[in-house]
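Novice: Residue numbers (my numbering): 107 to 578.
C-beta: ideal position from N, C-alpha, C; glycine also.
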Amino acid sequence: MLSDQTITDYERPGDAMTAPATTQTSTQNSSASGPASDTVAVKATGLYKVFGRRQQEAVRRLEAGASRDELGSLGTAAVIDASFEVHAGEIFVVMGLSGSGKSTLIRMLNGLLEPSAGQVTIQGKPISGVSAAQLREVRRGHVSMVFQHFALLPHRTVSDNVAYGLEIQGIAKAERLEQARTIIRLVGLAGWEDNLPGELSGGMQQRVGLGRALATKTDILLMDEAFSALDPLIRREMQEQLVELQAELGKTIIFITHDLNEAMFLGDRIAVMRDGRIVQVGSPEEILTDPANDYVAQFVQDVDRARVLTASSVMEPALSVVQVAQGPRAALRTMRDLQTAAAFVIGQGRRLQGVVRDKDVMKLVKAGDANLSTAINKNYASVTGDAPLTDLFEMAVGSPLPLAVVDESDRLLGVIPRVTLLAALGNVPTTTQAVPVIEPQGQIAAETMTEALAESEHLPNNVPAEAGGSTL
Ligand SMILES: Nc1ncnc2c1ncn2[C@@H]1O[C@H](COP(=O)(O)OP(=O)(O)O)[C@@H](O)[C@H]1O
Ligand SMILES: [Mg+2]
Numbered sequence: 107m108l109s110d111q112t113i114t115d116y117e118r119p120g121d122a123m124t125a126p127a128t129t130q131t132s133t134q135n136s137s138a139s140g141p142a143s144d145t146v147a148v149k150a151t152g153l154y155k156v157f158g159r160r161q162q163e164a165v166r167r168l169e170a171g172a173s174r175d176e177l178g179s180l181g182t183a184a185v186i187d188a189s190f191e192v193h194a195g196e197i198f199v200v201m202g203l204s205g206s207g208k209s210t211l212i213r214m215l216n217g218l219l220e221p222s223a224g225q226v227t228i229q230g231k232p233i234s235g236v237s238a239a240q241l242r243e244v245r246r247g248h249v250s251m252v253f254q255h256f257a258l259l260p261h262r263t264v265s266d267n268v269a270y271g272l273e274i275q276g277i278a279k280a281e282r283l284e285q286a287r288t289i290i291r292l293v294g295l296a297g298w299e300d301n302l303p304g305e306l307s308g309g310m311q312q313r314v315g316l317g318r319a320l321a322t323k324t325d326i327l328l329m330d331e332a333f334s335a336l337d338p339l340i341r342r343e344m345q346e347q348l349v350e351l352q353a354e355l356g357k358t359i360i361f362i363t364h365d366l367n368e369a370m371f372l373g374d375r376i377a378v379m380r381d382g383r384i385v386q387v388g389s390p391e392e393i394l395t396d397p398a399n400d401y402v403a404q405f406v407q408d409v410d411r412a413r414v415l416t417a418s419s420v421m422e423p424a425l426s427v428v429q430v431a432q433g434p435r436a437a438l439r440t441m442r443d444l445q446t447a448a449a450f451v452i453g454q455g456r457r458l459q460g461v462v463r464d465k466d467v468m469k470l471v472k473a474g475d476a477n478l479s480t481a482i483n484k485n486y487a488s489v490t491g492d493a494p495l496t497d498l499f500e501m502a503v504g505s506p507l508p509l510a511v512v513d514e515s516d517r518l519l520g521v522i523p524r525v526t527l528l529a530a531l532g533n534v535p536t537t538t539q540a541v542p543v544i545e546p547q548g549q550i551a552a553e554t555m556t557e558a559l560a561e562s563e564h565l566p567n568n569v570p571a572e573a574g575g576s577t578l
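(1) I want to know whether the segment 156 to 166 touches the segment 326 to 338 - three or more CB-CB distances under 8 Å.
(2) Is Glu-331 near ligand 2, going by C-beta to nearest heavy atom under 7 Å?
(3) Mind checking whether Leu-302 and Val-314 have CB atoms under 8 Å apart?
(4) Between the Cα of Thr-145 and those of Lys-472, Thr-151, Val-192, Ala-476, spot the shortest distance and give me the residue it belongs to.
(5) Looking at the strands, I want to know which residues DSSP matches up with Gly-460.
(6) Taking 7 Å as the cut-off, is the beta-carbon of Ser-334 closer than that to any non-hydrogen atom of ligand 1?
(7) Output needed for Pro-508: all residues of its chain with C-beta closer than 6 Å, excluding positions within five of it in sequence on either side, in chain order.
(8) Buried or exposed for Thr-440, going by 16 or more other Cβ atoms inside 10 Å?
(9) Please work out which residues of its chain come closer than 6 Å, Cβ to Cβ, to Arg-457, disregarding the five sequence neighbours upstream and downstream, and give them in chain order.
(10) Hey, would you say the C-beta of Ala-184 is under 7 Å away from at least one heavy atom of ligand 1?
(11) Can you give the Cα-Cα distance for Gly-247 and Met-379, rounded to whole angstroms?
(12) Which class does Glu-581 belong to by DSSP, given the choice of helix, strand or coil?
(13) Determine the DSSP secondary structure at Val-385, reduced to helix, strand or coil.
(14) Is Lys-208 near ligand 2 - that is, is its Cβ less than 7 Å away from at least one heavy atom of it?
(15) Taking 6 Å as the limit between beta carbons, can you name the residues of its chain near Ile-340, skipping five residues before and five after?
(16) Taking all protein chains shown into account, decide if Leu-203 is buried (16 or more other Cβ within 10 angstroms of its Cβ) or exposed.
(17) Applying the 10 Å Cβ sphere with the 16-neighbour rule, what's the burial state of Gly-171?
(18) Using CA coordinates, which residue listed in Ala-398, Val-414, Leu-531, Ile-384 is at the minimum distance from Leu-366?
(19) Just curious, the alpha helix (DSSP H) that Phe-405 is in, first and last residue?
(20) Is it buried or exposed for Glu-243, if we count other Cβ within 10 angstroms and need 16 for buried?
(21) Cβ of Gly-217 versus every heavy atom of ligand 4: is any distance shorter than 7 Å?
(22) List the endpoints of the continuous alpha helix (DSSP H) containing Met-104.
(23) Which residue wins for smallest C-alpha separation from Lys-323, given the options Val-268, Lys-279, Gln-225?
(24) Name the residue from Val-471, Lys-357, Val-385, Met-555 whose alpha carbon lies nearest to the alpha carbon of Ala-194.
(25) Return yes when at least one heavy atom of ligand 1 lies under 7 Å from the C-beta of Phe-405, else no.
(26) Does the segment 175 to 190 come close enough to the segment 348 to 355 that 3 or more CB-CB pairs lie under 8 Å?
Structural data, given as structure tokens:
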């Protein structure tokens, strides 16, 4: 779609964008910490931006499949056919190398740049082709932007800088300073209210800028490489803080970065850009485990997988498992067949009760004891499915058994043998068949177990029920 058409299509009379900043969406979001809602906060449809005199012709060529390089003198295609939806309360990361079109894209989202084609809607309302006044209203009431280098006002205090956006919104002084105080505390600058920016470190200045954007109470926050100028430790701290703030304030955040680890850490979903095009949109795990093409695969090669992957994404089906009601003989048979020295024991509804060791089960079998529960011990480690791999290493080192992955009701979902953990880090396929994931290896020979099973067959409790029980 060409931009002149877009303008006609979306020219609307009106006060569409003049609603106050507090919309229904922001109310929903303020319940915070939950997952992103289904409400679409920002939507881009077929967005193009070509810098140059012959934009429309360039767009037509691109639509016909031309690449960026093939445009020649028609112009520079910064963004090509970008379509995506950002849900309210989501952190949506746009990631790509320098020059891939990220800044151009984000500038179209708040109307700083007019698309060459396509449209942007903010909370369902188009922003292409609206009047300058309406656009200002969008930026004031709905969307604020944080840049890599904040333009802090050097002669104003931290407090005044944070409250600056509110001042522009026309909020009375007492009220805006009150709001600023809350935000300053949130961004970890309590006590610095009356200092000037020059008296703060770079990281603290960045917090002031973030605070300013947060203070305006817009629902949507656009952040363009906002942390890229910070040194790594402060940067990590800011990333963690942003995630916390997001949980608390429930904003919709579109975050731009060229750093994949940052993208993976922050993003609920990530859009990967290459040469102006979005080549994949997906959750960090999807992008890591199922890259759409070689480019994305190359990109994610260096990512710190341990931070992104979770227990549930690498776990294996639990094989060495017995129902407690099946008893010692079934447990021993399972361990014999799998040649493992231990088995997980589950009860009703797959609830994990513990583990049994081969030698303990052997004793029960030899004694003709039909009750497995006396052999159950709790010497295993369990994690929930959402635990990142980074949290698992220490546990795995301390545990000879695979880690048990359980849900919140302690139901056994799967297991993570150590070899699986290593394979996941090395991006080696973790199919159970390929590597011996049965841990720990059995110590008692299979024949010995078979013998014990055979010898104990006549013991009172072990006679199969259909034989009518023992008469001895
Ligand atoms: N105002 C402009 N005029 C001409 N070309 C531009 C302009 N802004 C960006 N570009 C070009 O568009 C492409 C994408 O730039 P940009 O959106 O800044 O990428 P990123 O933010 O991913 O580094 C680059 O080739 C850049 O040179
Ligand atoms: Mg940029």
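Specialist: Reading off the structure:
(1) At 8 Å Cβ cutoff, the stretches do not touch.
(2) Checking the Cβ of Glu-331 against ligand 2 gives yes.
(3) It is not a contact, given that the beta carbons lie outside the stated cut-off.
(4) It is Val-192.
(5) Residue pairing by DSSP places Gly-460 opposite Val-451 in a beta bridge.
(6) Distance from the C-beta of Ser-334 to the nearest heavy atom of ligand 1 is not below 7 Å.
(7) Correct list, in chain order: Val-521, Ile-522, Pro-523, Glu-545.
(8) Thr-440 counts as buried, since no fewer than 16 other beta carbons sit within 10 angstroms of its beta carbon.
(9) Closer than 6 Å at the Cβ level, and outside the excluded window around Arg-457, lie Asp-516, Arg-517.
(10) A distance criterion of 7 Å places the beta-carbon of Ala-184 in contact range of ligand 1, judged by its closest non-hydrogen atom.
(11) The straight-line gap from Cα to Cα measures roughly 28 Å.
(12) What is shown of the chain runs 107 to 578, which leaves residue 581 out entirely.
(13) Note: Val-385 maps to strand in three-state DSSP.
(14) Lys-208: yes, Cβ under 7 Å from ligand 2.
(15) Counting only Cβ-Cβ distances below 6 Å, and skipping sequence neighbours, we find Gly-309.
(16) Burial call: exposed.
(17) Gly-171 is exposed by the Cβ-count criterion.
(18) Comparing Cα-Cα distances from Leu-366 to each of Ala-398, Val-414, Leu-531, Ile-384, the minimum goes to Val-414.
(19) Unbroken alpha helix (DSSP H) run through Phe-405: 400 to 406.
(20) Burial is judged here by how many other beta carbons sit within 10 angstroms of a residue's own beta carbon; Glu-243 has at least 16 and is buried.
(21) Of the ligands this structure carries, namely ligand 1 and ligand 2, none is ligand 4.
(22) No answer is possible for residue 104: it lies beyond the span of the chain, which begins at 107 and ends at 578.
(23) Val-268 is the residue among Val-268, Lys-279, Gln-225 whose C-alpha sits nearest the C-alpha of Lys-323.
(24) Closest in C-alpha terms to Ala-194, from the list Val-471, Lys-357, Val-385, Met-555, comes Lys-357.
(25) Outside the cutoff, so no.
(26) These segments do not touch.
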